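Visitor: Please find one structure pasted underneath; my questions will follow.
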Amino acid sequence: MLLRRVVITGMGAISPFGRGIESLMDGLIEARSGVVAVPALSGITGMRTRVAALAKGADPMEIPRKFRRAMSNMSVYATLASRDAARMAGLGETELGSGRLGVSIGSTTGSPQTLQEFFRDFNSDNSLERMKSTLFFHIMNHSCAANVAQALGVTGRLLAPAAACSTSCQAVGYAAEMIAMGRQDFMLCGGADEFHPLTSGTFDVMNAASCNFNDSPSRTPRPFDRDRDGIVCGEGSGILLLESLDSALTRGAVVLAEIAGFATNSDPASIANPDAASLAQCMRLALSDAGVEPARIDYLNAHATATPQGDVAECEAIARVFGRAVPVSSLKGHLGHAMAASGTLELAACVEMIRREVLIPTLNLEHIDPQCAQVTHLQGLTSRPVHTVLKNNFALGGVNASLILRRYQP
Amino acid sequence: MTDEQTTERINSSLAEEFEYDLEKMSAQTLLFEDMGLDSLDVVDLVIVLETEFGVKIREEEAIRKIRTLGDIHSFIIDKLHQAQSA
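Quick look at the structure:
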């Protein structure tokens, strides 16, 4: 249980639908796909997947060179989304540099693109003589968090959770706990990642990347669908500005939603394959943290990346906790899998679903896989009051995270 | 390559690397105060010049005393002349 109430007062997004929450929601509500063919992937021996969900609308030149020189694309995405979140919350330089505001932003790895460029040059003659002074700032694990703090003048706490696909859900949960404990009053939190063939290749080599829709990219990924064939990797950044309710009320800020509960656990059964029992336990822990019964959840935003195994395990876990009572959808059909950014891009969409009283269905779910049929799937845009939402993210490495959002009520 | 061509190459390569307006560049331009460079940029400045002109200058004492674009012009021009006469 959170000791102080924690609310969301700002959001920012860089997604395949462009920059900003409005662009994100337009794409989701209009049932568009952000997935495109990536011809460069066809030139890579052994790469079978040739599609990805590439971010749009992020102009690096908006960031002064002094800060940009230390950034790869993932930090550019995180910085622009963080700026937008702070602006939406009405925070300026005073609050950002007050020491009351911290940063909790993670990525799956440091920049794979910068590492590739470094080693391509290094391996040509085993020389460090051309190594730029800012290389390290691109590849360090806390690159996004540090770059956001530098560019925005943040002087509070800084952490960079890294748990692959669960990264940003964890980043938000840990940030909420920090505010609840009274250590910070505001946290910029979330995740970012940049597309690189290594990410697609990681899933491809495990036979977990989508390969059957290279000629029709918008038809994949297909969460829960009988014809799903795996993940489509993406990129971008989702950032939430969390704030103590007391601070928000004192400032007269617009409260978008409340963080009601959070849980994360480790599943030692497998480093690669999700286990329904562990996923169910994570959701139960989050419900317990929020102090709500399963019946109070109006909507469940699934991790569901469209892998054959993962979707089945998640449905089995959801059915164990909720039966058929809660409507379920995944946004991966629209957004692909933005890795460390996926959790907060999807959480931002959940906040808007609460505010707009509409539930977004799973794109490309045409024929429900019988193995995923034990839960209630959303297959059409549904207008209805939404008070409480549970969001899941599960990661390679056996890291589960669940977060519960609630409509703000004084 | 004439000294004037060397100067132009230095200016254009630094203008590109540090996003500085070529039109504002003169021998009197101060690297730190005018161009806004800092200690990290100076490391990269050396790499840019070494790559552009195929010279090794990182360990040279004189490079540490450079303050203006004119200092760089003179330093590189001297370096190229030395290489030619060697």
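In order, the protein sequence lines correspond to chains A and B.
For the first sequence, this note's numbering gives the first residue as 1, with consecutive numbering after it.
For the second sequence, this note's numbering gives the first residue as 1, with consecutive numbering after it.
Where a beta carbon is used, it is the ideal one built from N, C-alpha and C, also for glycine.
What you are looking at is a predicted structure, and each value in this text was computed from that prediction instead of being measured.
1) Between A:T344, A:M339, A:R384 and A:S107, which lies nearest to A:I360 when the distance is taken from Cα to Cα?
2) Measure from the C-beta of B:D3 to each C-beta in chain A and report whether the shortest distance is under 8 Å.
3) Would you kindly report the start and end of the unbroken beta strand (DSSP E) that includes A:C189?
4) For A:N443, which option in A:A162, A:R407 and A:Q409 has the closest C-alpha, if you only look at C-alpha atoms?
5) Enumerate in chain order the residues of its own chain whose CB-to-CB distance from A:A31 is below 7 Å, with the five nearest sequence positions on each side excluded.
6) Can you name, in chain order, every residue of its own chain whose Cβ lies under 8 Å from the Cβ of B:V42, other than the five neighbours on each side?
7) Using a Cβ-Cβ distance cut-off of 8 Å, determine whether B:D34 contacts chain A.
8) If you draw a straight line from the alpha carbon of A:S413 to that of A:E316, how long is it in whole angstroms?
9) So for A:P60, helix, strand or coil by DSSP?
10) Let me confirm a value: A:V445 is counted as buried when at least 16 other C-beta atoms fall within 10 Å, else exposed. Which label applies?
11) Let me know the secondary structure DSSP gives A:P370 once reduced to three states.
12) So with CB distances below 7 Å, who are the chain B contacts of A:T134?
13) Please confirm if the region 282-300 of chain A is in contact with the region 194-210 of chain A, defined as three or more CB-CB distances below 8 Å between the two stretches.
14) Which residues in the same chain as A:T344 place their Cβ atom closer than 7 Å to its Cβ, once the five residues preceding and following it in sequence are excluded?
15) Interface residues of chain B around A:R120 at Cβ under 8 Å?
16) What is the residue span of the beta strand (DSSP E) that A:R406 lies within?
17) Counting contacts by CB-CB distance shorter than 8 Å, is B:V55 in contact with chain A?
18) If you run the structure through DSSP and keep just helix, strand and coil, what is A:T155?
19) Which residues, taken in chain order from the region 64-95 of chain A, show a beta carbon closer than 7 Å to some beta carbon of chain B?
Guide: To lay it out plainly:
1) As a first step, residue 360 of chain A is located in the first sequence; it is residue number 360 there, counting from the start. Ranking the options by Cα distance to A:I360, first place goes to A:R384.
2) Position 3 of the second sequence holds residue 3 of chain B. No, no contact with chain A.
3) Here residue 189 of chain A corresponds to residue number 189 of the first sequence, with the count starting at 1. Element bounds for A:C189: F186 to D193.
4) Past the boundaries of the shown model lies residue 443 of chain A; chain A is included only from 1 to 410, so the question cannot be answered.
5) Taking the first sequence and counting its residues from 1, the one referred to as residue 31 of chain A is at position 31. Cβ within range, chain order: L363.
6) As a first step, residue 42 of chain B is located in the second sequence; it is residue number 42 there, counting from the start. Excluding five sequence positions before and after B:V42, the CB atoms of its chain that fall closer than 8 Å to its own CB belong to L31, given in chain order.
7) Numbered from its first residue, the second sequence carries residue 34 of chain B at position 34. B:D34 is outside the set of residues whose beta carbon lies under 8 Å from a beta carbon in chain A.
8) In the structure as shown, chain A starts at 1 and stops at 410, and residue 413 of chain A therefore has no counterpart that could be examined.
9) Indexing the first sequence from 1 puts residue 60 of chain A at position 60. A:P60: helix per DSSP, three-state reduction.
10) In this structure chain A extends from 1 to 410, so residue 445 of chain A is not present and cannot be described.
11) As a first step, residue 370 of chain A is located in the first sequence; it is residue number 370 there, counting from the start. DSSP places A:P370 in the helix class (H, G or I) of the three-state scheme.
12) The sequence position of residue 134 of chain A within the first sequence is 134, counting from 1. Those within 7 Å of A:T134 in chain B are L40.
13) Too few Cβ pairs lie closer than 8 Å, so no.
14) Locating residue 344 of chain A in the first sequence gives position 344, counting from the first residue. Same-chain partners within the cutoff: S168, V172, G190, G191, G238, I239 and L240.
15) Position 120 of the first sequence, counting from 1, holds the residue named residue 120 of chain A. For the C-beta of A:R120, not a single chain B residue is nearer than 8 Å; the gap to the nearest is close to 15 Å.
16) Mapped onto the first sequence, residue 406 of chain A falls at position 406. That run of the beta strand (DSSP E) goes V399 to R406.
17) As a working note, residue 55 of chain B is residue 55 in the second sequence. Closer than 8 Å: no.
18) Residue mapping note: residue 155 of chain A aligns to position 155 of the first sequence, counting from 1. Coil.
19) Residues of the region 64-95 of chain A whose Cβ lies closer than 7 Å to any Cβ of chain B, in chain order: R65.
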